[in-house]
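For the sequence shown, my numbering assigns the number 1496 to the initial residue and increments by one for each residue that follows.
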Amino acid sequence: MRRFSALNATRIYWATGGRDLSPHTAKDVSGAFKPAPDRSEKVTEFKRWVDLFFIKQGGYCLAKKAYANFGKADDITVLKEDERVALARKKIAELIAEGKAEELYDQGMILRIRYIDWDNEQNRIAVMRKFVEVINDPTVISKLHFHEYGLSKLLGHYKGSVKRALAECQEHQPN
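Listed below in structure tokens is the structure:
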């Protein structure tokens, strides 16, 4: 089986009208290529894991829903806007410290910060290890995988080189 480089895979993708011809696809009865059935679930699950990973480290912002639910002192006291915001942030921080980050994320109370700082080496390595674990085979990882799994900025940290990303991940592999 011939392996495609990331550039050739992109060219083939556009030349075939958007059909994915990577090894992760299968032919259906009509002969058309379609993505493997669990691939979108894997992508969604991985993106959720990344969001929760950074939320647990303090990289989150509160949704309006959180301010509405947690920004109340009691029925009698009327708080100013900045007091409500401070109270909501304090309550959310306490709940995250108790380990309820997943519940808050699922309810839409907190969101991951928009821009992740990939300069922290431990964060990069942890996310890359999980990424390789989800893909199962590091030899098939391409730039398209990074884009599909929402890691374009991480790949940008490695100057667009998949090899550099995998090399740093393997360099810090526990023995």
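Glycine included, C-beta positions come from ideal geometry on N, C-alpha and C.
Query: Cut-off 6 Å between Cβ atoms - residues of its own chain near Arg-1543, not counting five sequence neighbours on either side; Result: none
Query: Assumed close pair Ile-1605, Leu-1599 - CB separation to whole angstroms, cut-off 8 Å; Result: 5 Å
Query: Coarse secondary structure for Arg-1610, derived from DSSP in three states; Result: The residue you asked about is not Arg; residue 1610 is Tyr in the sequence shown. Note: Tyr-1610 maps to coil in three-state DSSP.
Query: Sequence-distant residues of the same chain with beta carbon closer than 8 Å to Lys-1586, five excluded per side; Result: Phe-1565
Query: Ala-1660 to Gln-1617 span [Cα, whole Å]; Result: 13 Å
Query: For Cys-1556 and Leu-1650, the rounded distance between their alpha carbons; Result: 24 Å
Query: When Ala-1581, Tyr-1653 and Val-1627 are compared against Asp-1614, the one with the closest alpha-carbon; Result: Tyr-1653
Query: Three-state secondary structure assigned by DSSP to Leu-1646; Result: coil
Query: Where the alpha helix (DSSP H) containing Leu-1590 begins and where it ends; Result: 1576–1592
Query: Contact belief for Ile-1611 with Phe-1541 at Cβ below 8 Å, rounded distance in angstroms; Result: About 14 Å separates the two Cβ atoms, so there is no contact after all.
Query: Cβ shell of Val-1452 (< 8 Å), same chain only, five flanking positions each side left out; Result: Missing from the structure shown is residue 1452; the chain here goes from 1496 to 1670 and no further.
Query: With 16 other Cβ atoms within 10 Å as the buried cut-off, status of Glu-1643; Result: buried
Query: Rounded C-alpha distance that separates Gln-1552 from Glu-1663; Result: 22 Å
Query: For Tyr-1653, the three-state DSSP class (helix, strand or coil); Result: coil
Query: Beta-ladder partner(s) of Asn-1639, from DSSP; Result: In the sequence under discussion, the amino acid at residue 1639 is Leu, which differs from the Asn named in the question. Answer is none; Leu-1639 lacks a bridge partner.
Query: Environment of Ala-1583 [buried if 16+ CB atoms lie within 10 Å]; Result: buried
Query: is_contact[Leu-1582, chain B] using C-beta, thresh 8 Å; Result: The structure shown contains no chain B; it holds only a single protein chain.
Query: Rounded straight-line distance, which links the Cα of Lys-1595 to that of Lys-1537; Result: 23 Å
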